[in-house]
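J.:
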Amino acid sequence: MHNQGGILLESGTNELEIVEFEMGENRYGINVIKVKEIILPTPITIIPHAHPSIEGIIQLRGEVLPVIDMEKVMGLPKTLGKTEGKYIVAAFNKQQVVFHVHEVSQIHRVSWNQIEKPSELYSDESSQVIGVIKREKDMLLLLDFEKIVLEINPDSGIRIEEVKKLGVRERSDKRVLIAEDSPLLRKLLNDTLTEAGYANLEFYENGKDALDYLENLVVQGGKVSDNVQLVITDIEMPQMDGHHFTRRIRENKDLSMLPVIIFSSLITDELKHKGMSVGADDQVSKPEIAELVLKMDKYIL
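In this note's numbering, the protein residues as written are 3 to 303.
(1) Sort Lys210, Gly209, Leu213, Lys189 by Cα distance to Leu203 and report the nearest one.
(2) Which residues mark the beginning and the end of the beta strand (DSSP E) in which Val21 is found?
(3) Do you know whose CA, among Gly133, Leu186, Glu73, lies nearest Pro156's CA?
(4) From Pro120 to Tyr206, what distance separates their C-alpha atoms?
(5) Just to confirm, are Lys288 and Ser258 a CB contact at a threshold of 8 angstroms?
(6) Is it the case that the Cβ atoms of Ile109 and Glu19 are separated by a distance below 8 angstroms?
(7) Counting along the chain, where does the alpha helix (DSSP H) carrying Ala1 start and finish?
(8) Please classify Glu17 as buried or exposed, where buried requires at least 16 neighbouring CB atoms within 10 angstroms.
(9) Start and end of the beta strand (DSSP E) containing Thr235?
(10) Which value, in whole angstroms, describes the spacing of the CA atoms of Leu144 and Leu294?
(11) Taking the alpha carbon of Pro45 as the reference point, which residue from Val66, Val37, Glu253 has its own alpha carbon closest?
(12) What does DSSP give as the partner residue(s) for Tyr206 in the beta ladder?
(13) Cutting at 8 angstroms between CB atoms, please list the residues of its own chain near Asn192, excluding the five before and the five after it.
(14) Please state the DSSP three-state secondary structure of Arg29.
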């Protein structure tokens, strides 16, 4: 069974395929795993008082999907008519949305270690760029689509109310290492997990930094499990993705006993086999924070 060029079937290679699309003069990328299909614009129904970035809704194979105006999101002048450009139909975070873009050009295979984290000089918490891929003639910017959707619909994100529903929780001194590249999500995870009783959290921006920390513990001697009792990792991260990170933990005899939970917007029934094949103990889809907390309880309490 060879789909998507075969190599992506082998999880943990630290590679991904990116659908390149154009907006104005710039070129952007979205992980092919998030893309269900690319279609020509179809008739749109305008919704009164919708968010300014929502063009309206379309019906696609019996499903009603919101159409996000990427010109609006990117702060570009309005040049696209309703029937011009392309629709990228995407699925992540247990939802489906459509991104209306200027043009879709091609698919590239790249390694996560080719993707640089944007510098804080030109990127802050409000930035939608999560990675920069340098090429001979230009750069490809990888966008944070979860954040774009979250800004339109805050209820689609990690909510502290979900943890409060679990009731009064005991404080735990168990130390949890978390690899997550989004500053926004690091803050949300810090707040919600602290509310859930897990305040002893160590955050890293990507799998590479987190793995360096763990491998350093091994070099220093002593039992790693005395310093870290659980690892939580995102999948999509510059430098090293969560699947490769998990695989490296499992392949290291001094780290392999650490429980690993993958917490990502890309956990679906079709994609769970990837996490299983690299040895994750469990996988939880964002934004299901209460489910994540219950899994944490299971492995370390």
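Every residue, glycine too, gets a C-beta built ideally from N, C-alpha and C.
T.: Let me spell this out:
(1) Lys189
(2) 17 to 25
(3) Leu186
(4) 15 angstroms
(5) no
(6) yes
(7) As displayed, the chain neither begins before 3 nor continues past 303, which places residue 1 out of reach and without an answer.
(8) buried
(9) 232 to 235
(10) 27 angstroms
(11) Val66
(12) Ala181
(13) Leu203, Phe205
(14) strand
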